[in-house]
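Trainee: Chains as they are written, first to last, in the numbering used here: chain A, 1 to 139; chain B, 1001 to 1139; chain C, 2001 to 2139; chain D, 3001 to 3139.
Protein chains: 4
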Amino acid sequence: MDMQAIRDFFNSADAFAAHNGMTIVEVREGYARAEMELRPFHLNGARTVHGGALFTLADFAFAAASNSRGQLALSINSSISIFQGARAGKLIAEARELSHGPKLAGFAVEVRNEAGELLASFSGMVYRKSVALESLLPG
Amino acid sequence: MDMQAIRDFFNSADAFAAHNGMTIVEVREGYARAEMELRPFHLNGARTVHGGALFTLADFAFAAASNSRGQLALSINSSISIFQGARAGKLIAEARELSHGPKLAGFAVEVRNEAGELLASFSGMVYRKSVALESLLPG
Amino acid sequence: MDMQAIRDFFNSADAFAAHNGMTIVEVREGYARAEMELRPFHLNGARTVHGGALFTLADFAFAAASNSRGQLALSINSSISIFQGARAGKLIAEARELSHGPKLAGFAVEVRNEAGELLASFSGMVYRKSVALESLLPG
Amino acid sequence: MDMQAIRDFFNSADAFAAHNGMTIVEVREGYARAEMELRPFHLNGARTVHGGALFTLADFAFAAASNSRGQLALSINSSISIFQGARAGKLIAEARELSHGPKLAGFAVEVRNEAGELLASFSGMVYRKSVALESLLPG
């Protein structure tokens, strides 16, 4: 499948990621990288990046990576551990496939700041539907 | 502590929740309820509510509930299982304390639609800092 | 399906649970309760119940509950939060179904001591195979 | 601290791991490897390795790795995804530190068979007590 088409699909069709300033910058089979530039609306009441923003960035990379094999995959379970906060700068989430079967697949995602420090570690599992991702793509 | 003040603090100071249309509607000791009206920007590429939106709503209720005892509590770990999607209507997250110690506390959060159907189940743990929540509240 | 047959199946066929002194005491549709009497071999190096023993007891109740609908269900993902230790006495794990679909189902399990105190909270998800549980039961 | 002493401590003092045929074979700062030879008592009712056995092996490596810095560390939260079963042979769990702070630290553990196939992926977090591990070690 065309990795560029998958990247473009996620960047145009994922409204929640777009609303929160997140972009898929790379997709390969079983891998994706998402980025966001921290802005004031990403913070929580303690003035550090919101757990929901870290989770969403990781989840977005996870979605692109898990759909990179061309079959519609939906997240069923995920967990996140948060090690460190951030207030500014670019955050990068990299998702890597750990295991893939016909129906289920597991991924690990790391969220880092520009200095390469690990802010959060995410694990997720998807269920693959019997639907080709292409059927969701335009044209 | 004044539960109304905690509710107001989260609704005014949590920028990410506000940016995503989420509101704390009730806080009691060890409990909080958050709500959001689904809008198009909450959806993902498969046209159902984004996992990051479900997580953030649950995490927001979790934050209010875990700070309800008056000591600053930060999320360190959480997991979410997603059972069902949604495209419209109001979603409600209720967070309940399972256990609380001086440093650590555990919570369970359920996210439901207006019909009461369970969309997602969330578990989270916080670490309590030696900082009074009041020190973050406005004068 | 016959709940007594499911209970007997788990108590006779689950070798790891038996080796670790665990018993299913009740199964209903979407529910199961497992128990173990703490013995010295359940402890870790800090002389409190091992996280693996708490997990296994919870997982055993989860397995019985998730197979109670008569279709073979295998655990794909689970998480556990541990709140309190124990050195002696009986521990009880109760598993309850949160959601069930044709392929996936979610469960919550609580592990308590005899005084009813919550020691650990467990969440798990199963994948249902197209195999009747009865095909595994003896004659 | 003496890595050999930590290894010996876990192999002699962790009663639950010993009861289930598990051994720590290597400890370094922030790392540990545990092994077990699958035996009939490790299996579940579906005749594959029990989720509790996979979890306990991962948790044992996690405990040794998280205590390798010389301060008593207790597991507070962990999650496991299971990708593949096994009926015989040796299983190997490797735990690696992702992040370490004064009070909290995060680890990832992979459980593989002898062919190097990933059976399960585990994430865990510990809370460090103000107790030196040495105080638990014999004379």
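Ideal Cβ placement from N, Cα and C applies to all residues, glycine included. For clarity, every value in this text was computed on a predicted model and none was experimentally measured.
#1: Are the C-beta atoms of A1013(B) and some chain A residue less than 7 Å apart?
#2: Give a yes or no on whether the minimum CB-CB distance between N1044(B) and chain A is below 7 Å.
#3: Among the candidates S3066(D), A3005(D), Q3084(D), S3079(D), whose CA atom is the shortest distance from the CA of L3098(D)?
#4: Using a beta-carbon distance cut-off of less than 8 Å, what residues from the segment 3073-3089 of chain D approach chain B?
#5: Buried or exposed for A2032(C), going by 16 or more other Cβ atoms inside 10 Å?
#6: Any beta-carbon of chain B closer than 7 Å to the one on A53(A)?
#7: Against chain A, which members of the segment 1025-1043 of chain B pass a CB distance test of less than 7 Å?
#8: Any idea what DSSP makes of F122(A), helix, strand or coil?
#9: For F1060(B), which residues from the same chain have a beta carbon less than 6 Å from its beta carbon, with the 5 sequence-adjacent residues on both sides left out?
#10: Could you tell me whether the Cβ of D1059(B) comes closer than 7 Å to any Cβ of chain A?
#11: Is the CB of T1023(B) under 7 Å away from at least one CB in chain A?
#12: Spell out whether any CB of chain D is found under 7 Å from the CB atom of M3(A).
#13: Can you tell me whether L3038(D) is helix, strand or coil according to DSSP?
#14: Note down the Cα distance separating A64(A) from I6(A), rounded to an integer number of angstroms.
#15: Below 6 Å CB to CB, which residues in the same chain sit around A3058(D) once its five sequence neighbours on both sides are set aside?
#16: In whole angstroms, what separates the C-alpha of G51(A) from that of F3083(D)?
#17: Helix, strand or coil: how does DSSP classify F3184(D) here?
#18: Secondary structure at E26(A), three-state DSSP: helix, strand or coil?
#19: Distance cutoff 7 Å, beta carbons only. Does L1133(B) sit that close to anything in chain C?
#20: Give the C-beta separation of S79(A) and S1079(B) to the nearest angstrom, bearing in mind that I take them to be a contact with Cβ-Cβ under 8 Å.
#21: Starting from the Cα of A1015(B), find the closest Cα among G45(A), E29(A), L38(A), D8(A) and give me that residue.
#22: Could you list the residues in the segment 113-129 of chain A with a C-beta less than 7 Å from some C-beta on chain B, going in chain order?
#23: Which of helix, strand or coil does DSSP assign to A2086(C)?
Mentor: Straight from the coordinates:
#1: One-based indexing of the second sequence puts residue 1013(B) at position 13. Contact with chain A is found for A1013(B), since one of that chain's Cβ atoms lies less than 7 Å from the residue's Cβ.
#2: Translated into positions along the second sequence, residue 1044(B) becomes position 44. Answer yes: the Cβ-Cβ gap between N1044(B) and chain A drops below 7 Å somewhere.
#3: Your numbering for residue 3098(D) matches position 98 in the fourth sequence. Residue S3066(D) is the option with its Cα nearest to L3098(D).
#4: Within the segment 3073-3089 of chain D, the residues whose Cβ lies closer than 8 Å to some Cβ of chain B are I3076, N3077, S3079, listed in chain order.
#5: On the third sequence, residue 2032(C) is found 32 positions in, with the first residue counted as 1. Buried, since its Cβ has 16 or more Cβ neighbours within 10 Å.
#6: Within the first sequence, residue 53(A) is the residue found at index 53, counting from 1. Yes, A53(A) counts as interfacial toward chain B.
#7: Residues passing the 7 Å Cβ filter: P1040, F1041, H1042, L1043.
#8: Residue mapping note: residue 122(A) aligns to position 122 of the first sequence, counting from 1. Correct three-state label for F122(A): strand.
#9: Your numbering for residue 1060(B) matches position 60 in the second sequence. Within the same chain, Cβ atoms closer than 6 Å to the Cβ of F1060(B) are found at A1017, M1022, A1034, the five residues on either side in sequence being excluded.
#10: As a first step, residue 1059(B) is located in the second sequence; it is residue number 59 there, counting from the start. At least one C-beta of chain A is nearer than 7 Å to the C-beta of D1059(B).
#11: Here residue 1023(B) refers to the residue found at position 23 when the second sequence is read from its first residue. It does not: the Cβ of T1023(B) has no partner Cβ on chain A nearer than 7 Å.
#12: Working through the first sequence from its first residue, we reach residue 3(A) at position 3. For M3(A), the answer is no, since every Cβ of chain D falls outside 7 Å of its Cβ.
#13: Here residue 3038(D) refers to the residue found at position 38 when the fourth sequence is read from its first residue. Here L3038(D) sits in coil by DSSP.
#14: Position 64 of the first sequence, counted from the first residue, corresponds to residue 64(A). Position 6 of the first sequence, counted from the first residue, corresponds to residue 6(A). One C-alpha to the other measures close to 7 Å.
#15: Taking the fourth sequence and counting its residues from 1, one reaches residue 3058(D) at position 58. Around A3058(D), the same chain offers A3093, V3109, V3111, F3122 as residues with beta carbons nearer than 6 Å, after the five sequence neighbours per side are excluded.
#16: Stepping through the first sequence from its first residue, residue 51(A) is reached at position 51. Stepping through the fourth sequence from its first residue, residue 3083(D) is reached at position 83. Distance between the alpha carbons of G51(A) and F3083(D): 27 Å.
#17: There is simply no residue 3184(D) to check, as chain D begins at 3001 and stops at 3139 in what is shown.
#18: Along the first sequence, one-based indexing puts residue 26(A) at 26. In the structure shown, E26(A) falls within a strand segment according to DSSP collapsed to helix, strand and coil.
#19: The residue given as residue 1133(B) occupies position 133 in the second sequence. Not one chain C Cβ lies under 7 Å of L1133(B).
#20: On the first sequence, residue 79(A) is found 79 positions in, with the first residue counted as 1. On the second sequence, residue 1079(B) is found 79 positions in, with the first residue counted as 1. Approximately 4 Å separates the beta-carbon atoms of S79(A) and S1079(B); this is inside 8 Å, confirming the contact.
#21: Translated into positions along the second sequence, residue 1015(B) becomes position 15. Closest option to A1015(B), Cα to Cα, is G45(A).
#22: Result list empty, no residue passes.
#23: What you label residue 2086(C) is simply residue 86 of the third sequence in a count that begins at 1. Correct three-state label for A2086(C): coil.
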